[in-house]
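With my numbering, letter number 535 in the sequence shown gets 535, and the count goes up by one each step, no holes. The structure appears below as structure tokens.
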Amino acid sequence: MRYFYIFFLTILSISLVTGCQNTKEKQLSSVVNSDEKWWKEAIVYQIYPRSFKDSDGDGIGDLKGIISKLDYLQSLSITAVWINPFYSSPNDDNGYDISDYRAIMKEYGSMEDFDTLLKGLHDRKIKLVMDLVVNHSSDEHEWFKQSRSSRTNKYRNYYHWWDAERGKPNYRYSLFDVNHDAWKYDSLTNSYYLHYFSRKQPDLNWENPTLRKEVYDIMKFWADKGIDGFRLDAFGFAAKDTSFPVFPKGYEKNFMAYYSMVPAIHDYLKEMNKEVFNKYNVMSVAEGAGNSFEDAHNLVDESRNELNMAYAFEGVDIAKAEGYSIPHFKKVFSKWDSAFNNKGWISIFLANHDQARMVSRFGNDSEANRDLSAKMLNTFILSMRGTPYLYNGDELAMTNAGFSKITDYRDMATLNEYQNQLNKKGNIPAFLKRLQFECRDNGRTPFQWDNSVNAGFSTGAPWIQVNKNYTSINVADQEKDANSVLNYVKKMIQIRKSNQVLVYGKYNLIDKDNPTVYAYTREWKGKKMLVLLNFSNQTSKVNTGLNLAKAKPLIQNYPNLYGETLQPYEAVIYQIL
């Protein structure tokens, strides 16, 4: 049912490109935007701090934990890290509900720890991208406390309020509310406030120029500290029609068409660019890409002076519990590449903190095929045009957790939806089965460092259970195994960094109707590479139309195989020219 799908489009996946399916495909062009930038060449590694490494035994990852693993990050050869929010927060939504934008969450450490972390990253030539969560704040932020105290308070207009004497406001869908109702009545001032996410995440009013200045000042605070970029969380929702008109019945089945990319968003981004991005030369990445290619281009076309990079969700949302179509997967990624061939830039990813594990969704997490399919998927991410994003743990082939009871889960949105299902007498066994495949807690289990207690994540009881397979999937073992997923990913990263053809090169899809193999070339400045990826668990043939007699394999996940017949989940990159 549709509510399952909508629910699991969590904060990062709220910018699903619903309108792209009907967009006419553009022809692939030989003209490539070769305007070289560090953020185009970056290899971004996403860290979920709550689950990465705990330094003090409280079961919660922290900044000192990340600091203790800086040499590991350096060993990967990644060039940037994106760290999920570590601002002060009551943790209703694991840090995406911020109560103080200039302070560090107590469980994560101190500002001194942050300064040490930033210096440690920069000393290792790794850049830091921070989450900017300003579609909403926490209801425990001082702005909101003041805003709800009185209708005449100077902070009142920092949020969206609807006075009750006007009648109940028109329905707005909430992604995380237990009743999916985005208006919450507050008796203190006899008014309703708007929250597109949880009740403890009231939406900020971007129509208010004073609020916008507050946000820019916050951004300058962090930019002055020396960070290298911002990832704008849920910002596609920031602009709103504040008359709150009636939406058609059932609009929540396609709420993106009504919530995302209200025209004023571009004015806000141009202003943000002028006030912050242009002054500090920081990277800026949009969460999502609106509802169409036009929306996406309007965000990242350099001539518009808004953002650097789109982060589109059409590709990552392909995977379903019942499986997915490889031809459709190829069509989606080829379509996005084609649309951004001349202008703008995109991100390439198959996982993040709001998704279940990549190898469980797009590959095959059985013991026989896990490593092969994980290597294949990482080859894809690191060989496409666009900035690649690797989610922590995917370099090890960490898998879904196998949780079977609702008490195994910690995600507020999941627990609220479970209550919603109970309230309307939904099919609970089916819901729990769906959670096993889709729930974002699958991607949030503690990082698996070694085979000691709690996978070396913490000496205390972890905030969420460690995956039981940590004794066979962990960094310590894989570092010693030359054929491990970890060492394969390290090699693949080096190949991308050493061959700019994989960054800027023209992408051309080969054998597009092949039902199991994704094949393409990358070509730039006289160099040409061929990428062959078997997305299936069966031997498959591909017709490249190329003479491979003199082709040189740069990387492959099977030893000494060559040609157009591919083994299950085989991945190989050939140097053609």
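Note that the Cβ used here is the ideal one computed from N, Cα and C, for glycine as well.
Pro-248 versus Gly-236 - alpha carbon distance: Counting from 1 along the sequence shown, the entry for residue 248 is found at position 248. Counting from 1 along the sequence shown, the entry for residue 236 is found at position 236. Going from the Cα of Pro-248 to the Cα of Gly-236 covers about 21 Å.
State the Cα-Cα distance for the pair Ala-397 and Phe-221, rounded to the nearest angstrom. Within the sequence shown, numbered from 1, the residue matching residue 397 stands at position 397. Within the sequence shown, numbered from 1, the residue matching residue 221 stands at position 221. Answer to the nearest angstrom: the Cα atoms are 37 Å apart.
What does the alpha-carbon distance come out to for the pair Asn-378 and Arg-496? Within the sequence shown, the letter at position 378 stands for residue 378. Within the sequence shown, the letter at position 496 stands for residue 496. Distance between the alpha carbons of Asn-378 and Arg-496: 12 Å.
Span of the alpha helix (DSSP H), counted from its first residue to its last, around Gly-578: Because the chain is modelled from 1 through 577, residue 578 falls outside the range shown and cannot be assessed.
Gln-500 versus Lys-37: straight-line alpha-carbon distance, rounded: Counting from 1 along the sequence shown, the entry for residue 500 is found at position 500. Counting from 1 along the sequence shown, the entry for residue 37 is found at position 37. Distance between the alpha carbons of Gln-500 and Lys-37 is about 12 Å.
Output the boundary residues of the alpha helix (DSSP H) element that contains Thr-617. Nothing about residue 617 can be read from this structure; the chain reaches only from 1 to 577.
Would Gly-563 be called buried (16 or more neighbouring beta carbons within 10 Å of its own) or exposed? Translated into the one-based positions of the sequence shown, residue 563 becomes position 563. Counting Cβ neighbours within 10 Å, Gly-563 comes out exposed, since fewer than 16 surround it.
Val-475 in three-state terms, based on DSSP: Along the sequence shown, one-based indexing puts residue 475 at 475. Looking at Val-475 - three-state DSSP - the assignment turns out to be helix.
For my contact list, Asp-186 and Tyr-196 are in at a C-beta cut-off of 8 Å; report their separation, rounded to the angstrom. Walking along the sequence shown from the start, residue 186 turns up at place 186. Walking along the sequence shown from the start, residue 196 turns up at place 196. About 16 Å separates the CB atoms of Asp-186 and Tyr-196; that is not less than 8 Å, and the two are not in contact.
Met-398 - containing beta strand (DSSP E), residue span: Within the sequence shown, the letter at position 398 stands for residue 398. Unbroken run through Met-398: none, as it is neither H nor E.
Among Lys-119, Leu-132, His-353, the one whose alpha carbon lies nearest that of Asp-233: Looking up residue 233 in the sequence shown gives position 233. That would be Leu-132, whose Cα lies nearest to the Cα of Asp-233.
Residue interval of the beta strand (DSSP E) (run including Ser-191): Walking along the sequence shown from the start, residue 191 turns up at place 191. In this chain, the beta strand (DSSP E) harbouring Ser-191 covers 191–194.
What number of angstroms, rounded off, separates the C-alpha of Ala-482 from the C-alpha of Tyr-488? Counting from one through the sequence shown, the residue named residue 482 turns up at place 482. Counting from one through the sequence shown, the residue named residue 488 turns up at place 488. The straight-line gap separating the alpha-carbon atoms of Ala-482 and Tyr-488 is approximately 8 Å.
Quick check on Ser-540 - is its C-beta less than 8 Å from some C-beta in chain E? Although the question refers to chain E, the structure presented lacks it and comprises just one protein chain.
Count the CB pairs spanning the stretch 340–360 and the stretch 539–548 that are closer than 8 Å, and state whether there are at least three. Between the stretch 340–360 and the stretch 539–548 there are fewer than three inter-stretch CB-CB distances shorter than 8 Å, so the stretches are not counted as touching.
Where does Tyr-574 fall in DSSP's three states? To locate residue 574, count along the sequence shown from 1; it is residue 574. The answer is strand: DSSP assigns Tyr-574 an E or B state.
I'd like to confirm the pairing. Which residues does DSSP put opposite Pro-388 in its beta bridges? On the sequence shown, position 388 is the one that residue 388 refers to. Beta-bridge analysis with DSSP links Pro-388 to Ile-348.
Pick from Asp-317, Asp-35, Met-309 that is closest to Ala-351, judged by C-alpha positions: As a position in the sequence shown, residue 351 is number 351, starting the count at 1. Taking only the C-alpha atoms, the option nearest Ala-351 is Asp-317.
Go ahead and label Leu-561 buried or exposed: buried means 16 or more other beta carbons lie within 10 angstroms of its beta carbon, across all protein chains shown. For this step, residue 561 is matched to residue 561 along the sequence shown. Counting the other CB atoms within 10 Å of its CB gives Leu-561 a total below 16, which places it among the exposed residues.
Distance, Phe-86 Cα to Val-466 Cα: Counting from one through the sequence shown, the residue named residue 466 turns up at place 466. Counting from one through the sequence shown, the residue named residue 86 turns up at place 86. In a straight line, the C-alpha of Val-466 is about 21 Å away from that of Phe-86.
Just to confirm the assignment, what range does the beta strand (DSSP E) spanning Thr-544 have? As a first step, residue 544 must be located in the sequence shown, where it is residue number 544. For Thr-544, there is no enclosing beta strand (DSSP E), as DSSP marks it with neither H nor E.
For Met-261, tell me which candidate among Ser-51, Ile-104, Asn-278, Glu-294 has the shortest Cα-Cα distance. Here residue 261 refers to the residue found at position 261 of the sequence shown. Comparing alpha-carbon positions, the option among Ser-51, Ile-104, Asn-278, Glu-294 lying closest to Met-261 turns out to be Glu-294.
Buried versus exposed call for Asp-35 [16 or more other C-beta atoms within 10 Å across all chains shown]: For this step, residue 35 is matched to residue 35 along the sequence shown. It is exposed - the Cβ of Asp-35 has fewer than 16 other Cβ atoms within 10 Å.
Can you round the beta-carbon distance between Ile-78 and Thr-116 to whole angstroms, since I take them to be within the 8 Å contact cut? To locate residue 78, count along the sequence shown from 1; it is residue 78. To locate residue 116, count along the sequence shown from 1; it is residue 116. That belief does not hold up - the Cβ atoms of Ile-78 and Thr-116 are roughly 19 Å apart, past 8 Å.
Could you tell me the distance, in whole angstroms, from the CA atom of Ser-498 to the CA atom of Ser-383? Residue 498 sits at position 498 when you count from the first residue of the sequence shown. Residue 383 sits at position 383 when you count from the first residue of the sequence shown. The alpha-carbon atoms of Ser-498 and Ser-383 are separated by roughly 12 Å.
Return the chain-ordered list of same chain residues with a C-beta closer than 6 Å to the C-beta of Leu-533, the five sequence neighbours on each side being excluded. Stepping through the sequence shown from its first residue, residue 533 is reached at position 533. Around Leu-533, the same chain offers Met-376, Phe-380, Tyr-518, Ala-571 as residues with beta carbons nearer than 6 Å, after the five sequence neighbours per side are excluded.
Which stretch, first to last residue, makes up the beta strand (DSSP E) that contains Lys-200? Here the question's residue 200 lines up with position 200 in the sequence shown. In the DSSP assignment, Lys-200 falls outside any beta strand (DSSP E), carrying neither H nor E.
Sequence ranges, beta strand (DSSP E) only - wholly within the stretch 129–165, length at least 3: Here the runs fully enclosed are 161–163.
Could you name the residues that DSSP lists as bridge partners for Pro-553? The residue given as residue 553 occupies position 553 in the sequence shown. According to DSSP, which records beta bridges pairwise, Pro-553 is partnered with Tyr-574.
Helix, strand or coil, according to DSSP, for Gln-74 in the structure here? Residue 74 sits at position 74 when you count from the first residue of the sequence shown. Assigned with DSSP and collapsed to three states, Gln-74 falls in helix.
Local conformation of Phe-230 per DSSP, three classes: The residue labelled residue 230 in the question sits at position 230 within the sequence shown. Phe-230: strand per DSSP, three-state reduction.
What first and last residue would you give for the alpha helix (DSSP H) that runs through Tyr-409? Within the sequence shown, the letter at position 409 stands for residue 409. For Tyr-409, no alpha helix (DSSP H) encloses it, and the DSSP letter there is neither H nor E.
Determine the closest residue to Ala-310 out of Gly-323, Asn-291, Tyr-324, with distance taken between C-alpha atoms. Reading the sequence shown from its first residue, position 310 is the one you call residue 310. Here the closest residue by C-alpha is Asn-291.
Backbone secondary structure at Gln-494 - three-state DSSP: Mapped onto the sequence shown, residue 494 falls at position 494. Here Gln-494 sits in helix by DSSP.
In terms of residue numbering, what span does the beta strand (DSSP E) encompassing Arg-102 cover? Here the question's residue 102 lines up with position 102 in the sequence shown. Going by DSSP, Arg-102 is part of the beta strand (DSSP E) stretching over 100–104.
Separation of Arg-102 from Trp-345, as counted between CA atoms: Within the sequence shown, the letter at position 345 stands for residue 345. Within the sequence shown, the letter at position 102 stands for residue 102. Their Cα atoms are separated by approximately 30 Å.
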